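All remarks here apply to the structure that follows.
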């Protein structure tokens, strides 16, 4: 029969969920309620805490226990598996790789073609995608992405697969797994959490784009090589601010015992959150992604955008609506930065991108000067709230003709 559990991966998933159990307790509570409303879960039978108990745990700074997290993972897999079987996800040609990978290596080499006619082809593919997605992203990922973007479970699965393949996440996970017994488990979980955050950001970015989700093969052709090029351009394409943060992260990963090659990869991952925006501008302006990256990070430094991203991430979240508000602010900031970079690179002919950015920043524009002064003043504020950040993000829309 088909097996929805992968004990080693599931143990990693539980460890990662346990790390984030307190900060994301609200998402897990919402997931439990959703299952209850669909008649799929009885808390008492599964020994899951009541809403009152969860409220008490939140006050005490406690999350769900490992057995409770295991229950949520199992239910998440059962629900997602059926959703994928009922969708057209198993028909995506790219996922035929998942079908072949499901079987032992000797069978893969000898019967790859015959596998395409397997009577359980759709169920095997749905099982493989379900295991990968829930084990790597946690029990609440699918529901959260659906509610944040209005997309279907199948589309969430496609976005996850595109993110995983474009980032070559399997290679990173393998390197982390190979460190069992060689570095503290906490360091491995730190690394997994870094990958999780990037994949969550990229999946959300893909799901938030207008129109139909692209086929996985088409999306890989658009973003896979571009993201690789952006990664290879780092840290040379970074501004001084971003480079300093990158070097700090690199030293921290090395101090945790990560091999040099893996430490370099992990230190660069947070910067790839902007990779899809960079690739989109590169396609629009017919420029190399590495060149666009230079302009992207140079403009960000000039307008204090790394600091603004940090302020958005630090905003408090109490419930679903604040979570949506914070996500919307980050999405809007990304759109404004992408539009400004595209506008800048569309001017100045064949000048080097650094000169184009410098010329744009030095132009005589009262809106630009006002915005720069406002952002500089915000840097000195002790606390930043939702309205303040919202004003700053919207202000960026007024300093470029393309976004006016």
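Residue numbers (the numbering used here): 319 to 722.
For glycine and all other residues, C-beta sits at the position ideal for the given N, C-alpha and C.
Values in this document were obtained by computation on a predicted structure and should not be read as measured data.
I need the straight-line Cα distance from residue i to residue j, nearest angstrom please.
| i | j | result |
| --- | --- | --- |
| residue 328 | residue 628 | 31 Å |
| residue 612 | residue 435 | 48 Å |
| residue 408 | residue 706 | 45 Å |
| residue 599 | residue 649 | 16 Å |
| residue 721 | residue 656 | Reliability of the predicted coordinates at residue 721 is poor, the pLDDT of 40 falling under 50, and no value is obtained from them. |
| residue 485 | residue 663 | 26 Å |
| residue 396 | residue 605 | 45 Å |
| residue 371 | residue 699 | 37 Å |
| residue 713 | residue 676 | 20 Å |
| residue 423 | residue 431 | 14 Å |
What residue from the options has the CA that sits closest to residue i's CA?
| i | options | result |
| --- | --- | --- |
| residue 478 | 432, 503, 526 | 526 |
| residue 302 | 599, 678, 696, 674 | Given a span of 319 to 722 for the chain in the structure shown, any question on residue 302 remains unanswerable. |
| residue 639 | 694, 689, 462 | 462 |
| residue 403 | 669, 507, 442, 670 | 442 |
| residue 679 | 705, 528, 490, 718 | 718 |
| residue 670 | 492, 715, 555, 430 | 555 |
| residue 624 | 643, 562, 362 | 562 |
| residue 401 | 453, 471, 430 | 471 |
| residue 489 | 569, 580, 570 | 580 |
| residue 528 | 430, 468, 423 | 468 |
| residue 693 | 634, 373, 709 | 709 |
Skipping 5 residues on each side, what residues in its chain have a beta carbon closer than 6 Å to that of residue i?
| i | result |
| --- | --- |
| residue 376 | 343 |
| residue 509 | 494, 584 |
| residue 690 | none |
| residue 544 | 597, 607 |
| residue 330 | none |
| residue 460 | 398, 471, 474 |
Are residue i and residue j closer than 8 Å when you measure CB to CB?
| i | j | result |
| --- | --- | --- |
| residue 346 | residue 519 | no |
| residue 617 | residue 659 | yes |
| residue 466 | residue 667 | no |
| residue 481 | residue 521 | yes |
| residue 387 | residue 514 | no |
| residue 533 | residue 410 | yes |
| residue 531 | residue 476 | yes |
Residues in its own chain within less than 8 Å of residue i by CB, not counting five upstream and five downstream?
| i | result |
| --- | --- |
| residue 550 | 608 |
| residue 384 | 332, 336 |
| residue 552 | 564, 586, 589, 611 |
| residue 417 | 433, 434, 436, 439, 442, 443, 446 |
| residue 575 | 497, 500, 501, 502, 505 |
| residue 487 | 454, 481, 513, 517 |
| residue 464 | 470, 471, 474 |
So residue i and residue j are in contact, right, with Cβ under 8 Å, and what is the actual spacing, rounded?
| i | j | result |
| --- | --- | --- |
| residue 512 | residue 587 | 5 Å |
| residue 674 | residue 665 | 6 Å |
| residue 358 | residue 393 | 7 Å |
| residue 538 | residue 483 | 6 Å |
| residue 558 | residue 619 | 7 Å |
| residue 361 | residue 352 | No, residue 361 and residue 352 are not in contact; Cβ-Cβ is about 13 Å, not under 8 Å. |
| residue 615 | residue 681 | The Cβ separation is near 20 Å, so there is no contact. |
So, at 7 Å on beta carbons, what are the nonlocal neighbours of residue i in its own chain, with the 5 sequence-adjacent residues on each side left out?
| i | result |
| --- | --- |
| residue 686 | 717 |
| residue 390 | 346, 349, 457 |
| residue 711 | 647, 650, 651, 654 |
| residue 602 | 660 |
| residue 594 | 520, 523, 541 |
| residue 703 | none |
| residue 568 | 581, 582, 585 |
Hey, would you say the C-beta of residue i is under 7 Å away from at least one heavy atom of the ligand GDP?
| i | result |
| --- | --- |
| residue 410 | Of the ligands one can find in the structure shown there are none, so the ligand GDP has no counterpart to examine. |
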